[in-house]
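Peer 1: Take this structure first; my questions come after.
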Amino acid sequence: MTELFAGVTAEGETRFIGEVARGAACGCFCPSCNSPLVAKHGEVNEWHFGHLAMQERPECEVGAHNLLRRLGVQYLHDLPQLILPPYRQVLTRQGRFGQIHEVAEWQSEAVKVTDWNLAAARGQPIGVLKLQDGSNVDMFIDIGNQRPSHQSHLSHGKIVFYCPLPDPESLRTQDKAREWLRYQGEFVWIYQPDVNGHVASANQRLIDRFQQMEGALHPLEIRAVERGMKLHHSRQWMGDAYLERKQAQLEAPAAPAVQPAQQRGHEIPWAGQVKPMSMLFFWRLKSGEAWVMYDRIDHLRCIAPWPETVEGWDEALPETVGFPDLTLAAYKVKDLANAMIWMNARAATSRNTSNIEELFRY
Ligand SMILES: [Zn+2]
31 MTELFAGVTA EGETRFIGEV ARGAACGCFC PSCNSPLVAK HGEVNEWHFG
81 HLAMQERPEC EVGAHNLLRR LGVQYLHDLP QLILPPYRQV LTRQGRFGQI
131 HEVAEWQSEA VKVTDWNLAA ARGQPIGVLK LQDGSNVDMF IDIGNQRPSH
181 QSHLSHGKIV FYCPLPDPES LRTQDKAREW LRYQGEFVWI YQPDVNGHVA
231 SANQRLIDRF QQMEGALHPL EIRAVERGMK LHHSRQWMGD AYLERKQAQL
281 EAPAAPAVQP AQQRGHEIPW AGQVKPMSML FFWRLKSGEA WVMYDRIDHL
331 RCIAPWPETV EGWDEALPET VGFPDLTLAA YKVKDLANAM IWMNARAATS
381 RNTSNIEELF RY
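Residue numbers (the numbering used here): 31 to 392.
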């Protein structure tokens with residue numbers, strides 16, 4: 031549950047526990063039941079408000095949680111730009127010798143948000159996100175519950191801004207709470223309609239592969255029948271023959287591998303150091319130069335010039351972004367939020383993706 035971390039003044043303004051005088055002098059009332067509050071700035075316990083003349087009630091804790099949601103909506107509302115993660119949908123089909131998968135993944139950009147509902151109750155959309163492909167997506171907020179997951183076949187696009195429950199230290203002031211949302215909050219796609227047919231073409235690839243597998247099995251099946259095998263025996267034999275054939279294909283001398291033109295990640299010297307599945311942040315600044323922020327396997331967070339180092343790179347960014355490390359050929363980021371604020375303020379475009387190949391398109 032959420033302890034009461036904020037109260038409302040007689041003038042109706044919200045005050046966080048670290049922003050008021052101690053005790054009854056705080057001058058705050060409960061946002062749920064309007065009873066007077068006392069500010070408890072303890073040495074041992076976490077700071078919180080208590081009701082002056084009555085016991086704590088679960089309803090008032092729910093009220094505190096709603097306040098947190100509202101703060102989250104306000105935070106999103108005040109952002110200059112919403113940065114969305116790529117949308118990813120995995121398609122699966124059961125083959126005779128195991129499951130086969132295809133992945134549809136694409137990046138959408140938020141054009142604008144309409145119908146903001148700053149006081150949306152739980153389960154109500156907080157706004158409608160308009161994407162550059164023209165589709166509309168309902169936007170929700172979820173603070174402190176389980177990270178939501180993808181649901182296929184909704185009738186309408188859905189995205190959730192998810193944030194784990196702030197620790198009490200982060201609920202002392204409004205600024206700290208916003209900082210928590212900025213660091214810990216993330217958009218999670220629940221469903222996006224397949225406007226551009228990416229899922230449809232992944233599904234077609236899946237069908238093609240499935241039929242190819244079946245096609246390879248069919249002649250084996252006929253030979254099994256010709257040999258007069260019993261059904262369960264023929265299945266066993268077919269499976270072995272299929273795997274043997276596959277193995278022979280793998281061992282056959284392969285044609286010289288042709289690197290598809292778009293596979294260029296190996297050109298980037300730090301590509302091998304990137305933490306698997308982590309997010310890459312890309313900025314092209316108004317001055318023309320481009321930078322990429324990435325997390326390394328050793329947990330260092332870096333910003334490197336993109337796609338290659340240019341003379342003077344180590345003097346291009348200020349200390350608020352990071353410190354240049356000549357051996358890494360990148361800036362080591364000290365404070366993520368400060369770095370992002372500085373870069374976003376000077377960016378002509380910004381993108382994020384988990385696939386380094388995509389960065390060559392920007
Ligand atoms: Zn109350």
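By construction, the Cβ of each residue, glycine as well, lies at the ideal position given by its N, Cα and C atoms.
Keep in mind it's a predicted model, so treat the numbers as computed, not measured.
So if DSSP puts residue 380 in a beta bridge, which residue, or which two residues, is it bridged to?
Peer 2: Looking up residue 380 in the sequence shown gives position 350. Paired residues: 313.
Peer 1: Taking all protein chains shown into account, do 16 or more other C-beta atoms lie within 10 angstroms of the C-beta of residue 284, making it buried, or fewer, making it exposed?
Peer 2: The sequence position of residue 284 within the sequence shown is 254, counting from 1. With a pLDDT of only 49 at residue 284, under 50, the local geometry of the prediction cannot be trusted, and no value is derived from it.
Peer 1: Quick one: what's got a C-beta closer than 6 Å to residue 96's C-beta in the same chain, skipping five residues either side?
Peer 2: Residue mapping note: residue 96 aligns to position 66 of the sequence shown, counting from 1. So the list is empty, once near-sequence residues are dropped.
Peer 1: Residues in the same chain with beta-carbon distance under 7 Å from residue 313, minus the five sequence neighbours each way, listed in chain order, please.
Peer 2: For this step, residue 313 is matched to residue 283 along the sequence shown. The answer, listed in chain order, is 320, 321, 373, 377, 380.
Peer 1: Below 8 Å on the Cβ atoms is my guess for residue 211 versus residue 35; work out the distance and round it to an integer in Å.
Peer 2: In the sequence shown, the residue the question calls residue 211 occupies position 181. In the sequence shown, the residue the question calls residue 35 occupies position 5. The Cβ separation is near 14 Å, so there is no contact.
Peer 1: Run the proximity test for residue 81: is its beta-carbon closer than 7 Å to any non-hydrogen atom belonging to ligand 1?
Peer 2: If you number the sequence shown from 1, residue 81 lands on position 51. At least one heavy atom of ligand 1 is nearer than 7 Å to the Cβ of residue 81, so yes.
Peer 1: From this set, 193, 297, 332, which residue's C-alpha is nearest residue 176's C-alpha?
Peer 2: Here residue 176 refers to the residue found at position 146 when the sequence shown is read from its first residue. Looking at the Cα atoms, 193 is the closest of the given residues.
Peer 1: With DSSP as the reference, label residue 224 as helix, strand or coil.
Peer 2: As a first step, residue 224 must be located in the sequence shown, where it is residue number 194. Note: residue 224 maps to coil in three-state DSSP.
Peer 1: In three-state terms, what does DSSP make of residue 300?
Peer 2: Position 270 of the sequence shown, counted from the first residue, corresponds to residue 300. Residue 300: coil per DSSP, three-state reduction.
Peer 1: Drop a sphere of 10 angstroms on the beta-carbon of residue 119, count the other beta-carbons inside from all chains shown, and report buried for 16 or more, exposed for fewer.
Peer 2: Along the sequence shown, one-based indexing puts residue 119 at 89. Buried.
Peer 1: Check the DSSP bridge columns for residue 46 and list the partner residues they point to.
Peer 2: In the sequence shown, residue 46 corresponds to position 16, counting from 1. DSSP, once it has assigned bridges, lists 36 as partnering residue 46.
Peer 1: Go through its chain and collect everything with a Cβ distance to residue 49's Cβ below 6 Å, but skip five positions before and after it.
Peer 2: As a first step, residue 49 must be located in the sequence shown, where it is residue number 19. 203.
Peer 1: With a threshold of 8 Å, are at least 3 pairs of Cβ atoms found where one atom belongs to the stretch 100-118 and the other to the stretch 60-67?
Peer 2: No, they do not touch.
Peer 1: Compare the C-alpha of residue 33 against each of 206, 44, 58, 86 and name the closest.
Peer 2: For the purposes of this step, residue 33 is identified with residue 3 of the sequence shown, where counting begins at 1. Measuring from the Cα of residue 33, the nearest candidate turns out to be 86.
Peer 1: Using DSSP with H/G/I as helix, E/B as strand and the rest coil, what is residue 370?
Peer 2: The residue given as residue 370 occupies position 340 in the sequence shown. Correct three-state label for residue 370: helix.
Peer 1: So, is residue 391 buried or exposed, given that buried needs 16 or more other C-beta atoms within 10 angstroms?
Peer 2: Position 361 of the sequence shown holds residue 391. It is exposed - the Cβ of residue 391 has fewer than 16 other Cβ atoms within 10 Å.
Peer 1: Output needed for residue 323: all residues of its chain with C-beta closer than 6 Å, excluding positions within five of it in sequence on either side, in chain order.
Peer 2: Locating residue 323 in the sequence shown gives position 293, counting from the first residue. Excluding sequence neighbours, residue 323 sits near 311, 333.
Peer 1: Got a list of residues with beta-carbon closer than 5 Å to any non-hydrogen atom of ligand 1, in chain order?
Peer 2: After applying the 5 Å Cβ criterion, the set is 60, 62, 63, 90.
Peer 1: Out of curiosity, what's the CA-to-CA distance linking residue 293 and residue 232?
Peer 2: For the purposes of this step, residue 293 is taken as residue 263 along the sequence shown, with counting starting at 1. For the purposes of this step, residue 232 is taken as residue 202 along the sequence shown, with counting starting at 1. Whole-angstrom Cα-Cα distance: 19 Å.
Peer 1: Count the other CB atoms, across all protein chains shown, that sit within 10 Å of the CB of residue 287; report buried if there are 16 or more and exposed otherwise.
Peer 2: Reading the sequence shown from its first residue, position 257 is the one you call residue 287. Unreliable positioning characterises residue 287 in this predicted model, as indicated by a pLDDT of 46, which lies under 50. The coordinate reading is nonetheless provided below. Residue 287 should be labelled exposed.
Peer 1: Which of helix, strand or coil does DSSP assign to residue 120?
Peer 2: As a working note, residue 120 is residue 90 in the sequence shown. If DSSP states are grouped into helix, strand and coil, residue 120 belongs with the strands.
Peer 1: Starting from residue 205 and walking both ways along the alpha helix (DSSP H), at which residues does that stretch end?
Peer 2: Locating residue 205 in the sequence shown gives position 175, counting from the first residue. From DSSP, the alpha helix (DSSP H) with residue 205 extends over 204-214.
Peer 1: Thinking C-beta only, is residue 169 closer than 8 Å to residue 184?
Peer 2: The residue you call residue 184 lines up with position 154 of the sequence shown. The residue you call residue 169 lines up with position 139 of the sequence shown. For residue 184 and residue 169, no; Cβs fall outside 8 Å.
Peer 1: Residue 207 and residue 46: beta carbons closer than 8 Å?
Peer 2: On the sequence shown, position 177 is the one that residue 207 refers to. On the sequence shown, position 16 is the one that residue 46 refers to. In this structure, residue 46 lies closer than 8 Å to residue 207 by Cβ.
Peer 1: Put residue 392 into one of helix, strand or coil per three-state DSSP.
Peer 2: Along the sequence shown, one-based indexing puts residue 392 at 362. The answer is coil: DSSP assigns residue 392 none of H, G, I, E or B.
Peer 1: Which complete beta strand (DSSP E) runs does the stretch 312-348 hold, if anything under 3 residues is left out?
Peer 2: Correct list: 320-325, 331-336.
Peer 1: Counting C-beta neighbours from all protein chains within 10 Å, is the total for residue 317 16 or more, i.e. buried, or is it exposed?
Peer 2: In the sequence shown, residue 317 corresponds to position 287, counting from 1. Result: exposed.
Peer 1: Quick check on residue 51: buried or exposed, where buried means 16 or more other Cβ atoms within 10 Å of its Cβ?
Peer 2: What you label residue 51 is simply residue 21 of the sequence shown in a count that begins at 1. So residue 51 counts as exposed.
Peer 1: Which residue spans inside the stretch 151-194 form an unbroken beta strand (DSSP E) run of at least 3?
Peer 2: Counting only runs of 3 or more, we get 157-161, 166-173, 187-193.
Peer 1: Taking just the CA atoms, how far does residue 305 sit from residue 141?
Peer 2: In the sequence shown, the residue the question calls residue 141 occupies position 111. In the sequence shown, the residue the question calls residue 305 occupies position 275. Taking the straight line joining both Cα atoms gives about 30 Å.
Peer 1: Measure the C-alpha to C-alpha separation of residue 327 and residue 114 and round it to an integer number of angstroms.
Peer 2: Numbered from 1 along the sequence shown, position 297 holds the residue referred to as residue 327. Numbered from 1 along the sequence shown, position 84 holds the residue referred to as residue 114. For residue 327 and residue 114, the distance between alpha carbons rounds to 24 Å.
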